Amino acid sequence: MIDSDGFRPNVGIILANHRGEVLWARRIGQDSWQFPQGGIKDDESPEDALYRELAEEIGLSASDVEIISCTRGWLRYRLPRRMVRHNSHPVCVGQKQKWFLLRMLSPDAHVRVDGTDSPEFDGWQWVSYWYPLGQVVSFKREVYRRALRELAPRLFHNMEQWLRSREQNRRRKEYHQ
82 MIDSDGFRPN VGIILANHRG EVLWARRIGQ DSWQFPQGGI KDDESPEDAL YRELAEEIGL
142 SASDVEIISC TRGWLRYRLP RRMVRHNSHP VCVGQKQKWF LLRMLSPDAH VRVDGTDSPE
202 FDGWQWVSYW YPLGQVVSFK REVYRRALRE LAPRLFHNME QWLRSREQNR RRKEYHQ
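Going left to right, the sequence shown walks through residues 82 to 258 as our numbering numbers them.
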């Protein structure tokens, strides 16, 4: 289902552990990392799609997580021109996403990226909350920034912890430059 502006509805998943770190997954056969995400089918609500994608991409069920929050509106990104399939109808120019912030309730061993016949990821790790901003492909960076920024206060109730997490990320960036 693509809207009249050419955007495909999608959910993005930010899964956090008890330390405030987030699950970062490696695309299969690539050195490309991202948050789990996926399309919303015609007969699904964003929450239904969230749980389906969570199961398909990282092997978790609703009982493994709790929803902390989701973005208020849709966040959009455009695909680079070379990635737009102009021969498909309607043409999809990008994604419009509802982002969900989840807390992991189960042990790490419950995460399974190889649980389907066609897995999207071949690895994963816990990273600091702000780390993905410096690592995600450039055309998704602004959407990641907006989602992380909007959802951070819900994860980091203690503002001191939130600021400390941002400072650690800034230092890591400087170190890796």
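Every residue, glycine too, gets a C-beta built ideally from N, C-alpha and C.
Keep in mind it's a predicted model, so treat the numbers as computed, not measured.
Who are the near neighbours of Arg235 in its chain, counting only those whose CB is closer than 8 Å to its CB and skipping five residues on each side?
-> For Arg235, same chain residues with a beta-carbon under 8 Å away, outside a window of 5 residues either side, are Ile149, Ser150 and Leu182 in chain order.
Which residues mark the beginning and the end of the beta strand (DSSP E) in which Leu182 is found?
-> Element bounds for Leu182: Gly175 to Met185.
Assign Thr152 to buried or exposed, taking buried as 16 or more other Cβ atoms, counted over all protein chains shown, within 10 Å of its Cβ.
-> Thr152 comes out buried.
Could you name the residues of the same chain whose beta carbon sits closer than 7 Å to that of Leu186, not counting the 5 residues immediately before and after it, in chain order?
-> Annotation for Leu186: Asp145, Val146 and Glu147 place their beta carbon closer than 7 Å to its own, counting only its chain and skipping 5 residues before and after.
Can you grab the Cα-Cα spacing for the pair Arg133 / Arg108, in whole Å?
-> Cα-Cα distance, rounded: 18 Å.
Is the beta carbon of Pro161 sitting closer than 8 Å to the one on Leu135?
-> Cβ atoms of Pro161 and Leu135: not closer than 8 Å.
Do you know offhand how far Ala106's Cα is from Phe237's?
-> Roughly 22 Å between the two C-alpha positions.
Asn168 burial status per 10 Å Cβ neighbour count (16 or more: buried) = Burial check for Asn168: the Cβ neighbour count within 10 Å stays below 16, so the residue is exposed.
How should Pro90 be labelled, buried or exposed, when 16 other C-beta atoms within 10 angstroms of its C-beta is the threshold for buried?
-> Classification of Pro90: buried, given that the 10 Å Cβ count is 16 or more.
Out of curiosity, what's the CA-to-CA distance linking Arg193 and Asp129?
-> Note on geometry: alpha-carbon atoms of Arg193 and Asp129 lie some 20 Å from one another.
Mind checking who Tyr158 pairs with in its DSSP beta bridge?
-> The bridge partners DSSP lists for Tyr158 are Gln176.
Quick one, which of Ile95, Leu156, His170 and Gln178 has its alpha-carbon nearest Pro127's?
-> The alpha carbon of Pro127 has as its nearest neighbour, out of Ile95, Leu156, His170 and Gln178, the alpha carbon of Gln178.
What first and last residue would you give for the alpha helix (DSSP H) that runs through Val224?
-> In the DSSP annotation of this structure, the continuous segment of the alpha helix (DSSP H) that includes Val224 starts and ends at Arg222 to Leu236.
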